[in-house]
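Chemist: A single structure is presented below for examination.
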Amino acid sequence: MSRIGAASATRASRPYYVSVGNEEHVFKAAFRQGLSVVLKGPTGCGKTRFVEAMAYDLGRPLITVACHDDLTTADLVGRFLLRGGETEWVDGPLTRAVREGAICYLDEVVEARQDTTVVLHPLADHRRQLPIERLGLTLDAAPGFCLVVSYNPGYQSVLKDLKDSTRQRMVAIEFGFSPAPVEEKIVAHEAGIDPDAAAALVRFGQAIRRLDTSGLREVASTRVLIAAGRLIAEGLSPGEAARAAVAGALTDDPTVTSGLVEMIDAYLAGPST
Amino acid sequence: MRDRVRTTVAGDGVERLGLLASALSGRAVQVAPGEPGEPAWTDGRRIFVAADGSAREQLEALAVQTSLLASGSLEPDVVRKLTRRRAAARRYLAVEGHRALAANEHLLPPSLRSLIDCDVAAHSDSPAASLAAALSREAIADPPDHFGAIRARHLLASSEHALRRQRDPVLVELEEDENDAGTTADFFSSPGGGGAFGRLLQRMLRMVRHLDGSGPPGGDAPTHRTRSGTRGGRNVALSTRLAGILEDGGIEGRGTKYPEWDVHRQLYRQDWCTVQEVEPRLVAGSSPSVSDPYGLRRSLARFGTGLDARHRQVHGDDIDIDAAVEARVAVMAGAAPDEAVYVDSVRRRRDLAVLLLLDISGSVAEPGATGGTVHEHQRAAAAALTVALHDLGDRVALYAFHSQGRSAVHLVPVKRFDDDLGSLAGRLRSLVPGAYSRLGAAIRHGAAVLEERGGTSRRLLVVLSDGLAYDHGYEPVYGAADARRALAEVRRRGAGCLCLSVGAGTDAEVLRRVFGSAAHAAVSRPEQLRQVIGPLFRAALRSAEVRRR
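For the protein sequence lines, the chains are Z and F, in the order given.
Using numbering that gives the first Met the number 0, the final residue of the first sequence is 272, and nothing's skipped along the way.
Using numbering that gives the first Met the number 0, the final residue of the second sequence is 548, and nothing's skipped along the way.
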């Protein structure tokens with residue numbers, strides 16, 4: 000059980016999320032209709048934060064499971080454990096969400112084994128049921144239960160792809176990086192830095208996103224920019240912060256790193272020279 | 000040679016600005032040092048800036064040139080009207096430069112935005128309008144020095160060159176490797192020197208060496224044997240001479256041709272290298288069976304995909320009733336119970352094809368860092384890996400490679416995918432290191448074989464090399480770039496890449512340049528493989544699975 004990052008969260012204030020399109024309407028409509036939702040988008044663009052904000056708005060607890068490639072059905076549904084001479088059933092995070100009517104968020108669901116994702120099928124369609132073979136039990140999802148999975152289509156994978164039968168049970172919401180003004184606002188708010196510094200970081204991030212064949216596997220995400228911003232808030236210079244949080248995070252290749260450092264110097268060391 | 004590698008690859012100069020230039024122009028461009036005192040200019044693929052200028056001047060020049068590229072100011076249609084009209088080109092640059100900068104403003108670093116003159120930029124809203132203004136009699140101030148220059152002829156030449164290359168790949172054969180002509184004497188490799196006598200001597204020696212298998216001396220033993228190749232029905236030629244004395248030329252039209260990445264010109268040389276599969280020459284003697292002395296099997300056993308229930312595990316999905324009862328009994332009897340009472344589902348079905356490429360160039364004949372030659376270490380590692388993977392039920396092939404010029408890249412199939420392990424030891428022992436290593440071509444051929452005959456969804460290419468990519472016209476910088484490129488191509492096509500250096504004292508920095516971001520490791524003895532091989536396989540397979548769109 001220790002392998003699963005399951006957390007139920009009820010927060011005092013709404014997690015900071017800036018809507019850029021109709022995603023909040025779509026999500027809330029799907030929630031009210033009991034439909035499952037798949038969130039698609041690159042890493043670090045705000046999928047998880049979006050779910051947190053929605054859970055807050057809808058007043059449901061949120062149970063998050065970070066999927067990995069050894070995630071089994073039992074990890075999600077639950078298993079028998081031995082306590083002394085007795086067996087004892089322990090609910091998995093999915094079963095808990097079904098019983099409590101929580102939003103169950105499976106992060107990076109493609110990472111999970113395909114035999115695992117099949118357990119989601121009866122939950123994701125009109126039945127809204129979770130059969131638990133080991134208990135000989137079929138649970139009906141409590142009102143308020145909502146299945147949300149995230150999926151990063153940028154990781155095109157030879158072996159891993161969401162099964163068509165799984166995808167077709169879901170409503171898709173596409174995410175991208177926010178437009179520059181919104182992203183500046185987000186970085187400034189999250190990192191607690193002034194808008195000019197945030198704007199400089201975002202401009203730099205967008206330059207990296209323009210690179211196509213550069214040896215970078217992933218571009219600079221909003222998350223990475225926020226991390227750089229938080230270092231700036233701690234008193235580091237923008238250049239230092241970007242080296243640590245952006246260049247170091249994106250690549251290990253020395254030639255690409257030196258190219259990124261040049262970009263950092265051009266974009267972020269500007270005002271001081 | 001290693002020192003040379005270190006000094007020539009270190010990109011401390013303006014090349015470092017390549018990434019910035021690519022970001023600003025929205026396409027892959029390189030930055031190269033221009034002639035001292037010369038204004039900055041671009042040919043569409045490279046931007047030349049003065050290496051002796053200050054960082055600020057270089058940045059300004061880059062901003063202008065990349066903005067021109069990004070806003071379509073240097074398209075052939077426009078530029079064609081500027082050939083042989085230097086004054087017009089300068090006037091065009093003065094107007095269009097500001098327009099392009101303004102159009103690109105949202106991307107420019109804040110410090111460079113001061114370059115834009117909005118008044119001038121407002122004159123024009125497209126390259127065509129700027130061109131019209133430049134060709135009119137309107138008064139236009141000269142562009143500032145940091146704008147550089149537009150060299151219409153070079154821009155056109157490079158775009159036409161790209162076109163012509165697509166139409167007729169033969170035309171780009173140029174410069175070096177002129178000794179491919181066939182009859183030219185090859186001074187490097189023949190033991191008897193060049194000329195007719197040398198060739199005669201070689202031929203005599205070759206026939207004597209040929210005796211061990213096929214026919215009486217002086218009989219109709221052919222000097223070249225051909226085998227109908229399985230790759231596209233091409234014939235594959237076999238030279239029975241020792242590896243160290245390969246000869247350039249004379250086998251045009253056979254083998255498989257592969258492109259090569261020219262880092263200096265930033266383009267592929269199409270059909271540049273010819274790869275032949277060359278049957279290994281077996282040495283007589285008994286072939287002891289090869290084993291897996293380093294315990295690699297255990298580390299490699301995890302990389303399959305199928306699931307299988309396994310009993311008596313410490314963690315698992317279900318309780319293993321038998322084990323649970325036993326444990327309970329043990330507790331009742333006062334003994335310590337076994338806690339492994341669960342049934343777990345684990346991966347077991349094998350779905351992996353691995354092709355190993357073994358470097359047998361001359362450099363591996365050197366003594367390794369820890370006694371024995373590098374070749375001996377690498378050979379032992381290759382054998383152990385082959386045997387371990389084969390025992391696990393994976394599809395595995397082992398090819399050795401070396402080269403002598405671009406037309407003679409030879410791959411020796413030590414074990415093909417469908418061969419058994421019977422002759423592995425004998426064939427491995429018959430490998431003699433010699434000649435050079437054109438790593439990129441070998442990798443491309445290995446990947447093609449792997450893709451064609453691997454037959455599984457998970458594919459992995461393992462390169463065992465000392466990391467010294469060197470051949471005629473394949474100097475270390477060029478070779479490293481080509482090898483890196485080839486590995487990236489392989490990954491893009493969905494196979495994992497893993498590079499191992501065993502026993503070689505090659506600098507880690509050099510290895511990283513050659514192998515790039517592919518999973519790689521250097522160990523000094525084959526015994527140490529066990530510690531690194533598991534994580535490496537995992538990383539390599541993941542890199543194939545996780546590809547950028």
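We put the beta carbon where it would ideally sit given N, CA and C, even for glycine.
1. For Phe400 of chain F, which option in F:Ala87, F:Ala339, F:Leu459, F:Glu278 has the closest C-alpha, if you only look at C-alpha atoms?
2. Taking only three categories from DSSP, how would you classify Lys184 of chain Z?
3. Please confirm if Gly84 of chain Z has its CB atom under 8 Å from at least one CB of chain F.
4. Restricting to runs no shorter than 3 residues, where is the beta strand (DSSP E) found entirely within the stretch 374-414 of chain F?
5. Would you kindly work out how many angstroms separate the C-alpha atoms of Pro215 of chain F and Ala479 of chain F, rounded to a whole number?
6. Near Ala50 of chain F, what residues of its chain come up, given a Cβ to Cβ distance below 8 Å and the 5 sequence neighbours on each side ignored?
7. Out of curiosity, what's the CA-to-CA distance linking Arg240 of chain F and Ala447 of chain F?
8. Output yes if chain F places a C-beta closer than 8 Å to the C-beta of Arg78 of chain Z; else output no.
9. Quick check: the Cα distance between Gly191 of chain Z and Ser516 of chain F, rounded to an integer number of angstroms?
10. So with CB distances below 8 Å, who are the chain Z contacts of Arg327 of chain F?
11. Hey, Gly84 of chain Z and Arg59 of chain Z: beta-carbon distance below 8 Å or not?
12. Would you kindly work out how many angstroms separate the C-alpha atoms of Leu430 of chain F and Arg280 of chain F, rounded to a whole number?
13. Assuming Cys117 of chain F is part of the alpha helix (DSSP H), what are its boundary residues?
14. If you pair each beta-carbon of the stretch 473-487 of chain F with each one of the stretch 258-267 of chain F, do three or more pairs fall below 8 Å?
15. Is it right to say Tyr150 of chain Z is buried, meaning 16 or more other beta carbons lie within 10 angstroms of its own, or is it exposed?
16. Count the CB pairs spanning the stretch 185-205 of chain Z and the stretch 82-89 of chain F that are closer than 8 Å, and state whether there are at least three.
17. For Pro534 of chain F, which of helix, strand or coil comes out of DSSP?
18. On a CA-only basis, which of F:Leu354, F:Glu325, F:Gly504 is nearest Arg458 of chain F? Give me that one, please.
19. Name the two residues that bound the continuous alpha helix (DSSP H) containing Gly36 of chain F.
20. What three-state label does DSSP hand Arg443 of chain F in the structure shown?
21. Can you name, in chain order, every residue of its own chain whose Cβ lies under 7 Å from the Cβ of Pro525 of chain F, other than the five neighbours on each side?
22. Only counting the same chain, and skipping five residues up and downstream in sequence, which positions put a Cβ closer than 8 Å to that of Ala326 of chain F?
23. Restricting to Cα atoms, I'd like to know which of Z:Leu138, Z:Val148, Z:Val89 is closest to Arg98 of chain Z.
24. In whole angstroms, what is the alpha-carbon distance linking Glu276 of chain F and Ala246 of chain Z?
25. I'd like to check one pair, Val342 of chain F with Asp465 of chain F: are the Cβ atoms closer than 8 Å?
26. Pull up the DSSP beta-bridge partners for Arg45 of chain F, would you.
27. Determine the chain Z residues that contact Pro58 of chain F at a beta-carbon separation under 7 Å, and present them in chain order.
28. Span of the beta strand (DSSP E) holding Glu87 of chain Z?
29. Out of F:Arg492, F:Ala507, F:Glu56, F:Ala520, which one is the CA nearest neighbour of Leu499 of chain F?
30. Quick check: the Cα distance between Asp74 of chain Z and Pro92 of chain Z, rounded to an integer number of angstroms?
31. Which of the residues in the stretch 309-325 of chain F, read from start to end, lie with their CB under 9 Å from any CB of chain Z?
32. Would a check of beta-carbon distances place Leu210 of chain Z closer than 8 Å to chain F?
33. For Leu295 of chain F, which residues in the same chain have their Cβ closer than 7 Å to its Cβ, ignoring the five residues on either side in sequence?
34. Between the stretch 12-25 of chain F and chain Z, which residues of the former have CB atoms less than 8 Å from a CB of the latter, in chain order?
35. Please report the distance separating the alpha-carbon of Pro178 of chain Z from that of Arg202 of chain Z.
36. Which partner residues does Gln128 of chain Z have in the DSSP bridge list?
Modeler: With the given structure in hand:
1. F:Glu278
2. helix
3. yes
4. 394-402, 408-414
5. Confidence at Pro215 of chain F is low in this model, with a pLDDT of 43, below 50, so its placement is unreliable and no value can be given for it.
6. Gly12, Val13, Pro32, Gly33, Pro35
7. Its pLDDT being 39, under 50, Arg240 of chain F is placed unreliably in this model, and the value from its coordinates should be taken loosely. Taking the straight line joining both Cα atoms gives about 26 Å.
8. yes
9. 35 Å
10. Gly84
11. no
12. 8 Å
13. 117-120
14. yes
15. buried
16. no
17. helix
18. F:Leu354
19. Gly36 of chain F -> no alpha helix (DSSP H), and no H or E assigned at all.
20. helix
21. Tyr293, His376, Ala379, Ala380, Ala383, Val501
22. Pro336, Asp337, Glu338, Val340
23. Z:Leu138
24. 43 Å
25. no
26. F:Gln29
27. Residue 58 of chain F is actually Leu in this sequence, not Pro. Within 7 Å Cβ-Cβ: Ala265.
28. 85-90
29. F:Ala520
30. 8 Å
31. His314, Gly315, Asp316, Asp317, Ile318, Ala323
32. yes
33. Ala383, Leu384, Ala387, Leu528, Arg529, Ile532
34. Arg15, Leu16, Gly17, Leu18, Leu19, Ser21, Ala22, Leu23, Gly25
35. 11 Å
36. Z:Asp139
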